[in-house]
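Before any comments, here is the structure.
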Amino acid sequence: MNIELTELTRRFGRTRAVDGVSLQAGPGVFGLLGPNGAGKTSLLRTMATVLPPTSGKLRLLGRDPGGYGPRREIRRRLGYLPQSLGYYPGFTVAEFVEYFGLLKDMPPGRVPRAVAVAIEHVGLGDKARAKLRTLSGGMLRRAGIAQAIVNEPELLLLDEPTAGLDPEQRVAFRGLLREFGQRSTVIVSTHLVEDVGAACTEVALMDAGKIVFHGTPEELTARGEGSGAAGDAPLERGYSAVLAAARSVTAARA
Amino acid sequence: MTTATDAPVRPRAPRAARAVPLTAARLLRIELRRGAMPWILPLVAALFWFDSYRPSTAMPPLWMWRTFWNMGQGHTIVDFGPFVAGVAAWMGSRDGRRGTADLVRAAARPRYATQLTTWAATAISAVGAYLAFVGVMFAVYAHQGVQGSPPWWWVAVGAAAVTAFSAAGFAVGAFFPSRFAAPLAAFGSFLALAMSSQTGFRSQSGWALILPTNSNGNYQPMSGIFYPYLPDLPIARVMFLAGIATAALGLLGLPAQAGGPSLRRAAAVVTLAGVAAAGTAAGLAGTARPGPHGMVIPALHDAANDRPIRYTPVCGHTAGVPVCLNPAYRRYLPDVTAALAPVLAEVAGLPGAPARATQVAGRYSKGEGGGGQAMTINGRPPVLRMVLDSLSTLPGSTGFTAGREATTQFADLIRLLSVHAFVSAGNGAGTPAQRAVQAALLQGAGVPFAAQPTALAIAGLPPSGPSTGNGPGTASGPVYAAARRLAALPAAARHAWLAAHLAALRAGHLTLAQLP
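Keeping their order, the protein sequence lines are chains E and D. My numbering puts the first residue of the first sequence at 1, with every later residue one more than the last. My numbering puts the first residue of the second sequence at 255, with every later residue one more than the last.
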């Protein structure tokens with residue numbers, strides 16, 4: 001298993017952003033759905049070893065990130081795209097990707113080739129020498145994806161990766177996800193259920209810090225059939241139905 | 255929970271040990287190319303030109319004088335320090351401001367190592383610019399034929415100060431990552447330098463000598479001409495500034511997210527070492543005492559630096575007396591011989607009249623470039639020893655002041671000090687009789703009574719006549735009355751009286767009433 005979470009909790013003060021999440025995932029594309037404030041970003045940041053868990057167990061790529069040595073080893077094999085991508089405006093696309101490739105401890109000799117491949121992968125080959133400050137929001141997002149994949153990660157964590165991408169780029173990006181999913185574990189946090197339907201082999205739905213559904217996109221779709229839940233697409237209706245059911249249970253307990 | 259298929263973790267080749275420095279070098283290259291420091295350099299260059307370069311080029315063509323202003327008083331440091339600290343804070347706060355902290359934290363390379371690389375690029379740009387600016391300034395001096403030798407140790411102090419400001423500023427930015435970190439660091443540095451300068455003007459001893467803008471004891475007028483620049487105080491200051499830089503950089507490695515336990519332990523050791531170095535340096539400065547050629551710190555002093563610099567004097571003749579100067583003062587030889595000519599003619603044939611005039615090194619006393627008595631006459635045959643480097647009125651277009659007035663002022667001063675030495679008035683004003691004879695001889699040597707109070711004031715000697723508030727005083731009163739009587743005598747009579755009474759006069763046994 002590349003990801004093993006057991007009763008993982010992450011608190012911010014009195015708020016439980018992640019509340020007893022248990023999850024296992026191997027290679028493949030894993031979709032993480034949920035409304036705003038569901039805890040998706042906190043869960044991803046915890047898996048990216050940026051936030052330590054408050055309680056529970058976390059194993060990534062067969063290692064416990066609680067120790068410095070294993071954590072560093074995990075980070076070498078990790079790709080991470082945060083929800084709000086920070087960047088250095090004066091860097092070129094190539095420098096930005098190279099910079100993070102080097103920070104990921106890639107062998108320096110391999111970096112230039114890997115940078116070129118990553119930039120081509122996201123369709124920014126002709127913008128490699130452009131300063132980041134000159135790029136559009138969608139191009140910046142693609143530059144962020146390039147830095148995430150430059151080290152050919154075994155664990156790729158993408159928080160809202162398609163935000164700002166045009167339809168053509170989103171289609172291409174789904175292809176990229178499928179390609180990486182064949183050899184790595186890819187976790188994609190998103191609001192866009194069509195991305196999940198098109199690219200993910202598994203999906204989890206979070207609400208109020210908990211995972212309220214875990215299955216295949218087809219299983220999620222089935223939850224919506226005949227439920228009368230709102231949504232334009234079958235997967236959206238499944239999403240709404242699961243959320244409604246989870247909230248009614250919570251309300252009944254309260 | 256259902257899961258996707260299990261798969262083993264792909265093995266990866268272990269990283270070669272040499273990959274680490276290569277990675278650091280590549281990161282450094284990117285940081286150097288994209289750092290913020292070059293953007294601020296035009297502003298620093300303008301300030302450097304205005305504050306350090308421009309005033310110094312108007313000074314006499316001697317390395318000591320040229321660099322005392324801009325390096326001895328720390329102006330080059332003041333020009334760079336606040337800007338460097340501000341830019342370093344800007345770079346230190348970059349990940350916080352730009353929202354890249356998560357990306358950097360999720361990377362394998364320890365955050366501390368990444369921060370050190372960013373700082374190193376900032377510091378390299380800043381120190382490189384400092385050395386380039388100083389190098390250009392020194393090259394211009396050399397092209398202008400400036401004499402003596404450059405104060406290299408003070409360049410090292412400046413470079414260490416720039417490094418310390420960059421490290422301290424970077425630490426401020428790293429710990430307070432907001433857009434206000436840079437202006438706060440810059441303003442804080444400016445305040446620190448201003449307070450350092452104020453303390454420097456007041457404190458001539460003790461720990462305050464460690465402050466890089468404290469000009470007291472920095473170097474003396476004869477430095478680089480008669481004696482080497484004493485490196486004692488610069489060594490202590492470099493140690494102090496390096497200690498501050500080291501401690502600031504060590505602090506970056508202390509937070510939990512900085513790196514692994516061993517790295518954080520190393521950072522703690524580095525911090526302590528920096529604090530210890532800075533404290534030790536301040537303690538060493540506290541032991542500093544004025545030596546004959548500059549500030550001496552016993553624990554750091556090398557006796558080899560007390561040996562004079564060998565030179566072959568340049569000589570001229572006037573009134574049959576050879577006048578010899580250090581070759582660094584070659585361009586002033588005509589002025590000195592012309593100034594001495596009437597004095598030497600006036601005292602020729604009298605007991606104790608100098609058979610030779612030669613320039614000697616002054617003896618250091620506390621204060622900014624302080625010196626002792628400017629001229630003395632002693633030895634057999636008598637030799638007039640002149641400490642020209644203590645004079646602040648060197649004439650010429652590259653002197654302190656240009657034009658005819660400056661040349662006259664310089665000549666009056668040379669004449670006053672040589673006559674003052676001739677009557678053995680010592681370091682003070684002398685007895686009333688000595689002052690009266692001095693005034694009469696000066697009148698005979700071409701320094702009119704009316705000009706003498708000003709010359710006395712410039713030489714730092716007490717007035718011989720009544721004082722007029724803050725002014726130099728007037729040429730009146732009993733001393734000048736006696737002087738006027740003596741000056742009114744025919745030259746032969748005055749000469750005969752002096753020949754008979756000089757011994758008593760020099761011994762301080764004559765009163766004004768005993769003058770003719």
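Heads up, the beta-carbon is just placed ideally off N, CA and C, and yes, glycines get one too. Note that the structure is a prediction, hence the values are computed from the model and not measured.
Own chain, CB closer than 6 angstroms to V29 (chain E), minus 5 neighbours either side, in chain order: L177, G181, V186, A199, C200 and T201
- request: Report yes or no: do the segment 597-616 of chain D and the segment 632-644 of chain D share at least 3 C-beta pairs separated by less than 8 angstroms?
  value: yes
field: Delimiting residues of the alpha helix (DSSP H) encompassing A410 (chain D)
entry: W406 to F429
query: Skipping 5 residues on each side, what residues in its chain have a beta carbon closer than 6 angstroms to that of S240 (chain E)?
result: A229, A230 and G231
Span separating the alpha-carbon of P720 (chain D) from that of A741 (chain D): 20 angstroms
message: Against S84 (chain E), what residues of chain D qualify as contacts under a CB-to-CB distance less than 8 angstroms, listed in chain order?
response: G353
Anticipated Cβ contact below 8 angstroms, G460 (chain D) with G533 (chain D), distance rounded: In fact, because the Cβ distance is near 14 angstroms, the residues do not count as touching under 8 angstroms.
query: Using a C-beta to C-beta distance shorter than 9 angstroms, which residues of chain D count as neighbours of K210 (chain E)?
result: Neighbours of K210 (chain E) on chain D: none; closest Cβ ~13 angstroms, over 9 angstroms.
- prompt: So, do the segment 344-357 of chain D and the segment 71-82 of chain E have three or more beta carbon pairs nearer to each other than 8 angstroms?
  reply: yes
Option nearest A531 (chain D) by Cα separation, candidates D:I464, D:R543 and D:P509: D:I464
query: Is the segment 307-317 of chain D close to the segment 87-107 of chain E, with three or more CB pairs under 8 angstroms?
result: no
field: Exposure label - D666 (chain D); buried when at least 16 CB within 10 Å
entry: buried
task: For chain E, find out if any of its Cβ atoms is closer than 8 angstroms to the Cβ of T372 (chain D); answer yes or no.
output: no
- request: Output the distance between the C-alpha atoms of Y483 (chain D) and G727 (chain D), rounded to the nearest integer angstrom.
  value: 38 angstroms
- request: Using a cut-off of 8 angstroms between C-beta atoms, extract the partners of V50 (chain E) located in chain D.
  value: D356, R359 and A360
query: Closest to A300 (chain D) by CA distance: which of D:F494, D:S379, D:A660 and D:F387 is it?
result: D:F387
- request: Along the alpha helix (DSSP H) that carries T46 (chain E), what are the first and last residues, could you check?
  value: K40 to M47
field: Separation of G478 (chain D) from V601 (chain D), as counted between CA atoms
entry: 34 angstroms
query: Exposed or buried, P364 (chain D), counting other C-beta atoms within 10 Å across all chains shown (16 or more means buried)?
result: buried
query: By how many angstroms is the C-alpha of N632 (chain D) removed from the C-alpha of M325 (chain D)?
result: 36 angstroms
- request: Assign L526 (chain D) to buried or exposed, taking buried as 16 or more other Cβ atoms, counted over all protein chains shown, within 10 Å of its Cβ.
  value: exposed
E154 (chain E), DSSP secondary structure in three states: coil
field: Beta bridge counterpart(s) of M640 (chain D) as assigned by DSSP
entry: D:Q613 and D:M629
Element boundaries [beta strand (DSSP E), containing F30 (chain E)]: G28 to L33
message: For A261 (chain D) and E7 (chain E), I'd like the C-alpha separation in whole angstroms.
response: At A261 (chain D), the pLDDT of 43 sits below 50, so the modelled position is not reliable; the number obtained from the coordinates is stated separately. Computed Cα separation, rounded: 23 angstroms.
- request: Using a cut-off of 8 angstroms between C-beta atoms, extract the partners of K104 (chain E) located in chain D.
  value: A361, A362 and R363
task: Could you pull out every residue in the same chain whose Cβ sits closer than 8 angstroms to the Cβ of T566 (chain D), ignoring the five residues on either side in sequence?
output: P581
- prompt: Hey, A713 (chain D) and L670 (chain D) are a contact pair by Cβ (cut 8 angstroms); roughly how many whole angstroms apart?
  reply: 6 angstroms
message: What does the alpha-carbon distance come out to for the pair A435 (chain D) and V338 (chain D)?
response: 13 angstroms
query: Which one or two residues does DSSP pair with I149 (chain E) in a beta bridge?
result: BP columns for I149 (chain E) are empty, so no partner.
query: Roughly how many angstroms separate the alpha carbons of A737 (chain D) and M629 (chain D), rounded to a whole number?
result: 22 angstroms
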